[in-house]
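There are 2 protein chains.
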Amino acid sequence: MAQAQILSRNQQIVLDIIEKAKGPLKAYSILFNVQKKGINAPQQIYRALDKLIEMGKIHKIESKNAFVACRSSDCEISKATAFSICESCEMVDEISDTKLSKYLSSFNHKKGMKFKRFNLEFFGLCKKCK
Amino acid sequence: MAQAQILSRNQQIVLDIIEKAKGPLKAYSILFNVQKKGINAPQQIYRALDKLIEMGKIHKIESKNAFVACRSSDCEISKATAFSICESCEMVDEISDTKLSKYLSSFNHKKGMKFKRFNLEFFGLCKKCK
DNA sequence: ATAATAAATGTTATATTATAACACTGTGTT
DNA sequence: AACACAGTGTTATAATATAACATTTATTAT
Ligand SMILES: [Zn+2]
Ligand SMILES: [Zn+2]
Ligand SMILES: [Zn+2]
Ligand SMILES: [Zn+2]
Chain C
17 MAQAQILSRN
27 QQIVLDIIEK
37 AKGPLKAYSI
47 LFNVQKKGIN
57 APQQIYRALD
67 KLIEMGKIHK
77 IESKNAFVAC
87 RSSDCEISKA
97 TAFSICESCE
107 MVDEISDTKL
117 SKYLSSFNHK
127 KGMKFKRFNL
137 EFFGLCKKCK
Chain D
17 MAQAQILSRN
27 QQIVLDIIEK
37 AKGPLKAYSI
47 LFNVQKKGIN
57 APQQIYRALD
67 KLIEMGKIHK
77 IESKNAFVAC
87 RSSDCEISKA
97 TAFSICESCE
107 MVDEISDTKL
117 SKYLSSFNHK
127 KGMKFKRFNL
137 EFFGLCKKCK
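Here the protein sequences come in this chain order: C and D.
Going by the numbering used here, the first sequence opens with residue 17, and the numbers climb by one from there.
Going by the numbering used here, the second sequence opens with residue 17, and the numbers climb by one from there.
Structure below.
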């Protein structure tokens, strides 16, 4: 059984902000939000973000350089991530679809490459914006 | 039949460099490579990149902030892109797999979202680095 | 408990990636 | 000619991310 991760002070502060947010957050917007808590420099944010990603607590939305909390308990430490992204309102939703995940995890490239990890980003208009 | 796109001077210069490259190129590395041709500013590179992406001539590898030439004639204007990326040597290979592409293009999210586009990035070790 | 090791922090500076804003040029249309 | 439109050149600046180093705190081994 995996031991519940204990987070450091800064990691917890950053995770709290990301979890409370309605949408993806950018590193510098996180920074501005935590300056009252004594975090002053980008480094501190990026270090926390790196660890949180390693732990699978958050994911980076690569096309937006922004970060969201992981909502799907079964996304095994960011080895298999998929998101739907609204091009109008910026909403991001983590997709947890077992079939999709299995299909992609077992996908093997012709040229002898064995994949360890994937990230999939879908774009469109969400229900609200359509 | 779609008319062959005519590229502007700067677009052609940037595309040539990207097509000749063995791997993904970053915007500023493109810039340094074309200063002899009279292109001096990042804007000129980014404008060309934007247009080339629109035309489907190149793709952005989001996880690397780098650009590759499109190698698969059937990737309809960047609506459905997939890449395999070596975590060791930085090699990027565009995946054109009809089944994969069809599977993902017809994937619809539960929450009433209709996707217009996706980008998929696989990570692992290539044959050479394994 | 003490020493050794590893993980996290604080801080300053800097590198890298990307866009804003504005003036100008060339080309085709009416 | 007057207009629209895409592309260009240029300067400045914004936004994103990392390097390097000193210090502190937590964990582990003896
Ligand atoms: Zn997740
Ligand atoms: Zn929306
Ligand atoms: Zn392509
Ligand atoms: Zn490799």
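The beta carbon of each residue, even a glycine, is placed where N, CA and C say it ideally should be.
The stretch 47-58 of chain C makes contact with the stretch 27-36 of chain C; the number of CB pairs closer than 8 Å reaches 3 or more.
Within 7 Å of the C-beta of D/Glu110 there is at least one heavy atom belonging to ligand 3. About 7 Å separates the beta carbon of C/Cys102 from that of C/Gly140, a gap short enough to meet the 8 Å contact definition. In this structure, DSSP gives D/Arg25 a helical state, which the three-state scheme calls helix. Linking C/Arg25 to C/Glu106 through their CA atoms gives a straight-line distance of about 29 Å. Here D/Ser121 carries a helix assignment [DSSP, helix/strand/coil].
Close to C/Phe83, with beta-carbon spacing below 7 Å, lies no residue of chain D; the smallest spacing is near 14 Å. Straight-line spacing of the CA atoms in C/Glu110 and D/Gly54 works out to 45 Å.
Proximity of chain D to C/Ile33 at the Cβ level (cut-off 9 Å) is not reached, the minimal Cβ distance being about 23 Å. At a threshold of 7 Å, D/Met129 does not count as near ligand 4, since its beta carbon sits no closer than that to any of the ligand's heavy atoms. Per the CB criterion, closer than 7 Å to any heavy atom of ligand 2, the qualifying residues run in chain order as C/Cys102, C/Ser104, C/Cys105, C/Met107, C/Leu141, C/Cys142, C/Lys144, C/Cys145.
Below the 7 Å Cβ cutoff, chain D contributes His125 as neighbours of C/Ile111, in chain order.
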